[in-house]
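Read in order, the letters of the sequence shown are residues -2 to 410 in my numbering.
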Amino acid sequence: MKINWKKAIGLTAAAAMLLPLAACGSQNNASEGGSASGTEAVTLKVWAPQEDQDGDNSWLSQVEANFEKAHPEYKITWKNDVVSEGDASKTVQTDPSSAADVYMFASDQLGALIDTGAIGQLGTDAAKQVKEQNNDTEINSVTGADGNLYGVPYTDNTWFMYYDKSAFSDEDIKSLDTMVSKAAVAFPLSNSWYIGGFYDGLKLFGDKGNDADAGMVFPKDSVEVTKYLANLVANPNFHDSADNSGLSELQAGTVKAYFSGTWDAATIKKALGGNYGAAQLPTFTVNGETKQMKSFAATKAAAYNPNASNPKAAAQFAAFLGSSDSQKLHYELRQIPPSDKTLSDLTTDDLAAQVQSATMANTAIVQSGLSGMNDWWTPAETFGKALVNKEVTADNAQEKTDAWVNQVGKYAE
């Protein structure tokens, strides 16, 4: 498909007022380094994953070319380096002085980036763009503790369920209990990104994930959920997917369902063929009460560094990376599902992308980007492994759950 240049130019023109007023002083230097034609010489250092830079006609190179056409007032020198979204925060902290002007990051790193002072608050027009393109979950994922927006989402990041349609009916997949009564199911219970999905009612730093004072609050019946999980682990049809072993088992046919994300879609579709199925998360039953599994919902987003030599241009390019046309191109070149809700028709025939969107909207909680979220990962992993190793049992569930909850947060009142 061809890029809609009118739309792209409109978006970036709107992004021209991205920065808060405090950053507008950069405009005073517009004539420095400019040519006789009035263009401004700008150097932008950009971090992006390797996959977005592969080949002469990569996604990043095309977006940069598009940005140049939309902004003839700049003569841009691009300095691209390979840094994945998952490594952005860590790389910034290693050497803040050499950090990129524009980069792509996973939203769970937001708090660390704010603490480092390496991420810029979006101005009025960029914030408007984010709110028009995204649902509340995506918006909350890039909202700091101060209530301001700091990133432009371009894709969702969560997990859901893949399954073999020859093993389960449309009705079966609504209930995990029904599924494990009929066939083997693989779930990464020992993975800290997944185990929280069973504690229906879990809140990580408030409803929006940006209230540091709220902390981590577990549901009142967490002990009963732990007992359920201990019994689930004892079921021979439940397989812990340690180190993604569930994917290999699904390919081999030894399990009929597997929980993962869009990154495994092509592999699973190839393995299951005509029986390829995917769905948002099922329910399960604890003491006669229906519970909803809920994944952690995050995004990947573009951001600018307020310490850039030209923060105005950097902020404009960050918004352009997350624009509708750039997201569309990302999907066409790399099958990265857009978070932009106006592009839903683009993925009509992409089951995994559609299910990811439904999961974000219906069966997920915001994965907080606050620095306090770092306290979640190791204890959650330890507890999950203890369940899998049967060190946590129905008999000691009270003691073990209390210890975990008290280590990282508290029970709901």
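No residue lacks a Cβ here, since even glycine has one placed at the ideal position from N, Cα and C. Owing to the predicted nature of the structure, the values given are computational and were not obtained by experimental measurement.
Cβ pair residue i, residue j closer than 8 Å
| i | j | result |
| --- | --- | --- |
| G406 | V220 | no |
| Q59 | N77 | no |
| A209 | L367 | yes |
| V39 | Y71 | yes |
| A298 | S104 | yes |
| A181 | T251 | yes |
| Q324 | D337 | yes |
Where residue i sits in the DSSP three-state scheme
| i | result |
| --- | --- |
| N63 | helix |
| K387 | coil |
| G274 | strand |
| S28 | Only weak support exists for where S28 lies, its pLDDT of 30 falling under 50; the value from the coordinates is given anyway. Here S28 sits in coil by DSSP. |
| S245 | helix |
| Y100 | strand |
| A263 | helix |
| V127 | helix |
| Y328 | helix |
| S163 | coil |
Start and end residues, alpha helix (DSSP H) containing residue i
| i | result |
| --- | --- |
| W401 | 394 to 405 |
| W44 | W44 -> not in any alpha helix (DSSP H); beta strand (DSSP E) instead, spanning 37 to 45. |
| V177 | 173 to 179 |
| S354 | 348 to 359 |
| I111 | 107 to 113 |
| N228 | 219 to 231 |
Between the CA atoms of residue j and residue i - distance to the nearest angstrom
| i | j | result |
| --- | --- | --- |
| A183 | W156 | 13 Å |
| G369 | F281 | 29 Å |
| A312 | K42 | 12 Å |
| A109 | E410 | 30 Å |
| I0 | D322 | Low per-residue confidence applies at I0: pLDDT is 38, beneath 50, and the placement is therefore not dependable enough to give any value. |
| A10 | L326 | The predicted position of A10 is uncertain, since its pLDDT is 39 and thus under 50; no value can be drawn from it. |
| D240 | K66 | 45 Å |
| Y408 | Q47 | 42 Å |
| F235 | K125 | 45 Å |
| S242 | S189 | 16 Å |
| T259 | G35 | 45 Å |
| N359 | Q277 | 8 Å |
Strand pairing of residue i, partner residues [DSSP]
| i | result |
| --- | --- |
| T287 | T282 |
| F157 | S257 |
| P150 | A298 |
| D240 | DSSP output for D240 lists no bridge partner at all. |
Contact test: residue i Cβ vs the ligand GTP heavy atom, cutoff 7 Å
| i | result |
| --- | --- |
| A400 | Of the ligands one can find in the structure shown there are none, so the ligand GTP has no counterpart to examine. |
Range covered by the beta strand (DSSP E) that runs through residue i
| i | result |
| --- | --- |
| Y71 | 71 to 79 |
| A183 | 182 to 184 |
Chain D contact for residue i (CB, 8 Å cutoff)
| i | result |
| --- | --- |
| K200 | As a matter of chain content, chain D is missing from the structure shown, which is built from one protein chain. |
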